[in-house]
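Protein chains in written order, with this note's numbering: chain R, 20 to 469; chain L, 8 to 316. Ideal Cβ positions, reconstructed from N, Cα and C, are used throughout, including at glycine. Note sheet for the following structure.
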């Protein structure tokens with residue numbers, strides 16, 4: 020077995036066997052899955068507890084029975100009670116909350132109050148507001164005394180959805196979803212940023228550990244410093260890949276198994292089921308409340324449709340490429356920093372030039388998924404220190420192949436260069452103890468022959 | 008036959024010259040002392056032999072060929088500043104280091120088991136290094152240095168951190184390794200152990216080698232032609248007799264017996280001295296005073312620094 024593979028093996032196994040690795044590998048997918056599942060869960064498991072709400076208003080009985088009851092919401096109109104009485108004892112009487120409507124509601128938007136002991140859910144306030152808005156609009160329109168108002172309103176009601184279709188160079192058309200592209204761009208860019216930081220810092224800490232424990236001198240009497248550095252970078256890179264693959268697999272398992280538990284049907288039917296559920300919850304004539312929600316669901320449906328239009332092969336393989344390329348580029352720099360110092364607190368002054376381009380990359384990426392063709396995003400997707408993050412943010416919106424290939428080539432060439440330079444600093448640094456070196460000294464180390 | 012020869016080694020660091028035309032000639036099967044004050048350039052020399060750094064000039068011959076990358080398998084190195092991975096288990100770590108020296112996993116395991124048995128430390132195998140005391144760690148490190156049975160062993164201060172019992176155990180192991188045919192370069196400030204173990208030495212001071220050769224010859228070269236005589240009789244009378252032709256360095260009483268230290272001047276032989284003394288008392292011991300390595304070391308280094316001034 021070659022020496023470098025012995026080193027890779029040690030770096031890999033000691034890290035993979037650590038408790039922290041196992042915990043991180045298992046916990047992160049739980050959080051990721053929760054991010055997907057909790058909203059769905061909340062939607063499907065709506066409040067099943069029946070809430071009775073007392074409605075009172077001053078003198079005028081303008082809003083009597085205006086708010087429709089739904090499956091779990093009952094509104095009781097109390098003509099004779101006063102707010103002050105009810106405020107103190109509504110829960111004793113079995114009410115969840117008191118809704119107070121002032122007659123000035125038509126002119127003062129906050130003339131409606133919902134008094135309860137617990138923070139009422141957002142759904143409930145939206146439900147009440149929608150119903151009241153509709154009623155007031157209706158009343159106001161009636162004052163204009165227009166004939167056949169209902170018919171006119173129905174006739175003018177329109178609902179616009181902009182369908183985005185991309186035509187590629189060979190003329191094929193694809194339905195796309197901007198929301199989905201943004202989502203992929205966001206996750207891809209952010210994930211690369213986080214992974215480079217986590218695993219790059221691990222390389223640095225590994226180098227410092229070898230240096231402070233003084234084991235490094237024994238090891239480089241057996242292997243060349245370059246082999247030790249590359250073994251460490253490759254070993255930790257493999258740890259990163261392993262963790263990433265495990266995250267994807269475990270997340271997928273959790274989501275699919277949770278989906279089959281929570282929602283027995285497939286995604287399309289599920290959305291339909293939810294839509295029906297909400298439709299049946301509201302009386303048919305009160306369509307305005309659910310309409311906005313069904314629109315949301317149409318959009319989800321659309322996203323599901325355009326999921327198929329995404330070139331997953333390209334996105335995933337580019338992600339792997341940019342993760343590895345970016346990692347190698349930065350890991351060698353992290354290794355050089357680790358070799359130059361005696362302990363982690365001394366790393367800060369050398370960390371700046373590493374973290375600034377990374378953070379800059381993230382900022383540009385954040386702009387890139389709003390405007391992927393901006394010139395800043397364009398150039399930063401070629402500059403190798405930012406390209407892994409920025410290109411991942413541009414990619415889901417479609418990037419010409421020549422740009423992708425050029426960006427990748429520059430990245431590979433640069434990481435070969437930085438590794439070469441880092442190795443020079445590294446082999447001198449690991450044997451230097453004591454005084455914290457300056458940039459000038461690092462420059463000197465770069466020019467040492469051996 | 009020479010196992011290792013260093014010829015005119017020069018190593019320049021950015022602000023100082025670490026080695027200036029230093030030579031070493033290490034005979035196969037010998038224990039070679041590499042001596043010198045702190046900062047003299049010993050560690051740089053050792054690192055060059057281990058190919059950790061390369062010399063700016065000069066060449067190293069190992070086993071009659073120019074030192075090459077694969078020779079690290081035939082060299083074992085115990086650095087002065089030693090250490091192991093603190094979080095790694097002892098056995099696993101020893102196997103790792105042995106693998107880097109070219110042993111296969113199974114070879115390494117069986118050899119290590121033998122060594123652990125010999126040192127009676129089998130119970131440490133699954134312990135983390137950080138759970139061991141410093142002396143225990145040193146023992147493990149000693150084993151990992153010699154596990155691949157290299158032709159050349161380099162020990163930099165091998166006894167530091169050991170209690171006297173363990174110093175003795177390690178000393179015996181070093182001698183056993185020598186008997187088995189290993190060649191040993193031994194760098195230390197402990198001159199007693201140099202006298203005890205080394206056959207040849209090189210003394211480096213301020214990047215140049217000041218002394219080189221067989222230790223006995225060097226010590227004899229620095230001898231001042233002095234003798235210590237133990238006798239029974241009248242001291243003052245003896246002193247009076249000797250003072251005309253000899254220089255009396257000191258006279259003392261030890262356990263009720265008289266001892267007198269005398270330096271021979273000119274071409275007077277020891278027999279002449281004995282003849283002169285026979286008349287004045289009863290001689291019961293007579294021995295030549297050869298300077299200790301400690302004396303030689305101090306003398307040579309101090310003379311060199313005087314010259315610089």
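For residue 18(L), the three-state secondary structure derived from DSSP is strand.
Nearest in C-alpha terms to residue 112(L), of all of 158(R), 413(R), 25(R), is 25(R). Cβ proximity to chain L below 7 Å picks out 232, 233, 234, 236, 237, 238, 239, 240, 241, 242 from the region 223-249 of chain R. The region 18-25 of chain L makes no contact with the region 189-196 of chain L; the number of CB pairs closer than 8 Å stays below 3. Under the three-state reduction of DSSP, residue 259(R) is assigned to helix. Taking 8 Å as the CB threshold, residue 463(R) lines the interface with chain L. In this structure, the straight-line span from the alpha carbon of residue 155(R) to that of residue 122(R) is close to 11 Å. Between residue 373(R) and residue 115(L), the alpha-carbon positions lie close to 41 Å from each other. Cβ-Cβ separation between residue 252(R) and residue 354(R): approximately 6 Å, consistent with a contact (criterion under 8 Å). Beta bridge pairing from DSSP links residue 190(L) with 159(L). Taking the C-beta atoms as reference points, residue 230(R) is found nearer than 8 Å to residue 361(R). With fewer than 16 other Cβ atoms inside 10 Å of its own Cβ, residue 294(L) counts as exposed. Bounds of the alpha helix (DSSP H) holding residue 350(R) are 331-359.
At a cut-off of 8 Å between beta-carbon atoms, residue 29(R) makes contact with chain L. In summary, residue 415(R) is buried, with 16 or more beta-carbon neighbours lying within 10 Å of its beta-carbon over all protein chains present.
Residue 254(R) counts as buried, since no fewer than 16 other beta carbons sit within 10 angstroms of its beta carbon. For residue 237(L), the pairing in a beta bridge is given by DSSP as 266(L), 292(L). The beta-carbon of residue 42(R) is placed no less than 8 Å from the nearest beta-carbon of chain L. Excluding its 5 nearest sequence neighbours in each direction, residue 174(L) has C-beta neighbours in its own chain below 7 Å: 166, listed in chain order. The bridge partners DSSP lists for residue 95(R) are 73(R). Shown here, residue 12(L) sits in a strand according to DSSP, grouped into three states.
Within chain R, the residues whose beta carbon sits less than 8 Å from that of residue 108(L) are 241, listed in sequence order. Residue 117(L): member of the alpha helix (DSSP H) spanning 112-125, first to last residue.
Non-local C-beta neighbours of residue 270(R) in its own chain, meaning closer than 7 Å and more than five positions away in sequence, comprise 48, 51, 52, ordered along the chain. For residue 212(L), the secondary structure class from DSSP, reduced to helix, strand or coil, is strand.
For residue 221(L), the beta-bridge partners assigned by DSSP are 207(L).
The bridge partners DSSP lists for residue 134(R) are 117(R).
Around the beta-carbon of residue 136(R), fewer than 16 other beta-carbon atoms lie within 10 Å, marking it exposed. Counting C-beta pairs with one atom in each stretch, the region 374-394 of chain R and the region 228-243 of chain R have fewer than three that are closer than 8 Å, which means they do not touch. Note that the C-beta distance between residue 86(R) and residue 130(R) is not below 8 Å.
Taking 8 Å as the CB threshold, residue 22(R) lines the interface with chain L.
CA-CA distance, residue 145(L) to residue 168(L), rounds to 7 Å. Taking C-beta separations shorter than 8 Å and ignoring five residues to either side along the sequence, the partners of residue 152(L) in its chain run 83, 84, 85, 160, 162, following chain order.
In the three-state DSSP reduction, residue 253(L) falls in the coil class, being neither helix nor strand. 95, 103, 104, 106, 107, 108: these are the residues of the region 95-121 of chain L whose beta carbon lies less than 7 Å from some beta carbon of chain R, given in chain order.
Not a single C-beta of chain R is nearer than 8 Å to the C-beta of residue 31(L).
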